[in-house]
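There are 2 protein chains.
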Amino acid sequence: MMRQAGRYLPEFMEIRKKYDFFTRCRTPELASEITVQPIRRYGMDAAILFSDILVVPQAMNVAVEMKPNFGPYLPNPIRDRKTLDAVTIPDVNHELGYVMDAIKATKEKLNNEIPLIGFAGSPWTILCYMVQGQGSKNFDKAKEFCFSSPILAHELLTKITQTTIAYLKAKVNAGVDAVQIFDSWGGMLSPVDYQEFSWQYINQIIEALKDEVPVIAFGKGCWFALDVMAKSNASALGVDWTCSARNARYLTGGNITLQGNFDPSRLLSPPKEIKKMVTQMINEFGKDKYIVNLGHGILPNIPLENAQAFIEAVKEYKV
Amino acid sequence: MMRQAGRYLPEFMEIRKKYDFFTRCRTPELASEITVQPIRRYGMDAAILFSDILVVPQAMNVAVEMKPNFGPYLPNPIRDRKTLDAVTIPDVNHELGYVMDAIKATKEKLNNEIPLIGFAGSPWTILCYMVQGQGSKNFDKAKEFCFSSPILAHELLTKITQTTIAYLKAKVNAGVDAVQIFDSWGGMLSPVDYQEFSWQYINQIIEALKDEVPVIAFGKGCWFALDVMAKSNASALGVDWTCSARNARYLTGGNITLQGNFDPSRLLSPPKEIKKMVTQMINEFGKDKYIVNLGHGILPNIPLENAQAFIEAVKEYKV
């Protein structure tokens, strides 16, 4: 489940009470503990490292705060040549060494029983936050920056891409078994703009990592690009719940592994109904070349027995 | 252009300084003046009545405030049987008589030179606000309500549908030449949930209005339902910029009129580039069975000459 170490778990909420967001990310003992909490409770088939896509801008000299009841806040957004020039390409082992330590600590706790997945935001999605300065319904300032200053935008995207490649390679060296690239905001772009401002950079990351570990690419709302994505060297593609299994298989040509796509809000249905819907989802994707997952991050208000029903339905699935 | 009487016009901002949002909606002289402002400046082929989809919940006994720098705020959201029972089906000519007066005043100002389009939110989109109580990135509370209390949800959707049908019929009687149904948040639902919670109600509205005026249905992010929508009695379907002309024609079967789909943020490109992109868009949709439009509402920060370039490119288009 995406964001599976998230706020629906009481044992996570205990840790959350004591340590703020980035302290949890930066303290290997906490990050690794949070990563394995859902595994202990539910026994998923893979662990996803607890972290945040916004540790990358932080390492690139762009301040990021996590404001309670508000979300990420970047007090000095990138809007022009001067702010762009202050963005650095960091030594990731130095600036993000705490992530590598968290990976090593997690691998020890997992004892090689299940794989560990690391992740990064797509360059476009990271740009969205860097330019907008906070979450947004339409990231209008980020799009304005790209459409009115495309040269600066591509320069920023290139810096983020270089950093992300180094970051994910360091994660692989530290022990992750697969990586996922999250393009949370790719679906805000037209198909043409998506190729220009998002996909070409994701594809550079895939090319740089493909020989080291499997790379999963997930673009929320990016159904329109699934045909191009399917021709890349990604090992699997994530799909969200607006793209049915049938459409996803059709658009990707039927050969690539797909991951998804349960609507996280549907985990608010009664457990019995959840199980029925999960079984139907697996039937529709087919059990081969398929990774059961949500179509986006799990919500904080999901009852434990509902998350349980989701996992059980997968484990109980009979071919 | 959707929201064409909007905040990008200085003459609108003059009125906005003096009167608050709902005063502008409720005062026929102001609403009609705002409606014709963009026509005077740019000479579009149709006027779109200045109003708001949230006048409907207001008429249904659900308070709606427009908070500066926040957007709509509904202090008493619908969450249970008790709050649902307080929602009324109003006499629209009484509760929304000011809209009918605004239509009559606008028709006089337009002098029958161009048609006037009226609109309403889809029942699902209205429910989103009624339950969430404000705008949202994922309308999680609205979806929770539907998925955990589907009986109450359908009761609310039925009330909204009945009100909307009466409201749009009254608008037709008052003089609008076409109506558009906006499903701004339909794209948050899976294809199956979209049919259950949104489309069936939109379709009821289309069926009730189809013999009176052309009905345009627009579902943002609802590419996955275009095939079903194309089989309805809607006269035209709106598409957003994530669905290319080619995909839209393919998904709708090629026979129905389409409206869209310029990315509003792309109006931030230089005017010359805008003209090129608009021409290309018309080429791709084809000049027949096509209404040039944005893919969503115009943004407040669009320079006047950029909106002008959009309109000019359409008027200058040569077959």
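One line per chain: the protein sequences are A and B, in this order.
Numbering of the first sequence is given in my numbering, commencing with residue -16 and proceeding in unit increments.
Numbering of the second sequence is given in my numbering, commencing with residue -16 and proceeding in unit increments.
The beta-carbon is built from N, C-alpha and C at its ideal position, and this holds for glycine as well.
Only a predicted model underlies this, so the values are computations on that prediction, with no experimental measurement involved.
Local conformation of residue i per DSSP, three classes
i: A/T262; result: helix
i: A/P106; result: helix
i: B/M113; result: helix
i: A/D246; result: coil
i: A/P21; result: helix
i: B/L99; result: strand
i: B/I36; result: coil
i: A/E267; result: helix
i: B/D223; result: coil
i: B/L93; result: helix
i: B/K50; result: strand
i: A/V82; result: helix
i: A/A217; result: coil
i: B/N350; result: Residue 350 of chain B falls outside the range modelled here, since chain B spans only -16 to 302, and no answer is possible.
i: A/N308; result: Past the boundaries of the shown model lies residue 308 of chain A; chain A is included only from -16 to 302, so the question cannot be answered.
i: A/F122; result: coil
i: B/G202; result: strand
i: A/A191; result: helix
i: A/I281; result: coil
i: A/D74; result: coil
i: A/Q163; result: strand
i: A/I134; result: helix
i: A/I61; result: coil
i: B/Y(-9); result: coil
Proximity test, Cβ basis, 8 Å: residue i and chain A
i: B/E16; result: no
i: B/F207; result: yes
i: B/S181; result: no
i: B/G118; result: yes
i: B/G310; result: Absent from the structure is residue 310 of chain B, since the part of chain B shown begins at -16 and ends at 302.
Nearest neighbour of residue i, chosen from the options [CA to CA]
i: B/Q242; options: B/A231, B/S248, B/S252, B/C111; result: B/A231
i: B/R(-10); options: B/T18, B/P254, B/L93, B/I97; result: B/T18
i: B/N310; options: B/W168, B/V222, B/P174, B/V155; result: Residue 310 of chain B is absent from the model: chain B starts at -16 and stops at 302.
i: A/E195; options: A/A217, A/K203, A/S181; result: A/A217
i: B/Y300; options: B/H279, B/Q115, B/C226, B/Q263; result: B/Q263
i: A/F130; options: B/K124, B/G54, B/S248; result: B/S248
i: A/I61; options: A/F128, A/N95, A/E96, A/W107; result: A/F128
i: A/I134; options: B/I294, B/G278, B/S252, B/I265; result: B/S252
i: A/M43; options: A/Y150, A/R7, A/C205, A/N266; result: A/Y150
i: B/V155; options: B/L57, B/V198, B/D176; result: B/V198
i: B/A153; options: B/K65, B/I185, B/P73; result: B/P73
i: A/D176; options: B/T225, B/A136, B/L209, B/N186; result: B/T225
i: A/V82; options: A/P106, A/G158, A/A29, A/I143; result: A/G158
i: A/A103; options: A/I274, A/K124, A/P286, A/T146; result: A/T146
i: A/P51; options: A/V302, A/V45, A/F5, A/D123; result: A/F5
i: B/L192; options: B/L37, B/I148, B/R23, B/L(-8); result: B/I148
i: B/S15; options: B/K90, B/Q(-13), B/M(-4); result: B/K90
i: A/L350; options: A/E12, A/Y273, A/L287; result: The question about residue 350 of chain A has no answer here: the residues shown for chain A are numbered -16 through 302.
i: A/K92; options: A/F245, A/I22, A/F180, A/K255; result: A/I22
Interface residues of chain A facing residue i [CB-CB closer than 8 Å]
i: B/C226; result: F207
Partner residues on chain A for residue i, Cβ-Cβ distance less than 7 Å
i: B/L282; result: D123
Neighbour list for residue i in chain B, Cβ cutoff strictly below 9 Å
i: A/E127; result: S248, L251, L282, N284
i: A/G204; result: G170, G204, T225
Chain-ordered neighbours of residue i on chain B, where CB pairs are closer than 7 Å
i: A/N230; result: F207
heavy atom of the ligand ATP below 7 Å from residue i C-beta
i: A/G169; result: Within the structure as shown, the ligand ATP is missing, as the structure has no ligands at all.
To be precise: take each residue of the stretch 46 to 58 of chain B, compare its Cβ to all Cβ atoms of chain A, and keep it if any distance is under 7 Å. Which residues remain? none
Taking a cut of 9 Å between CB atoms, which residues from the stretch 164 to 189 of chain B lie near chain A? Hits within the stretch, in order: G170, M171, L172, S173, P174, V175, D176, Y177.
Please name the residues in the stretch 126 to 145 of chain A whose beta-carbon is closer than 8 Å to at least one beta-carbon of chain B, in chain order. Listed by position, the residues of the stretch 126 to 145 of chain A near chain B (Cβ gap below 8 Å) are K126, E127, F130, S131.
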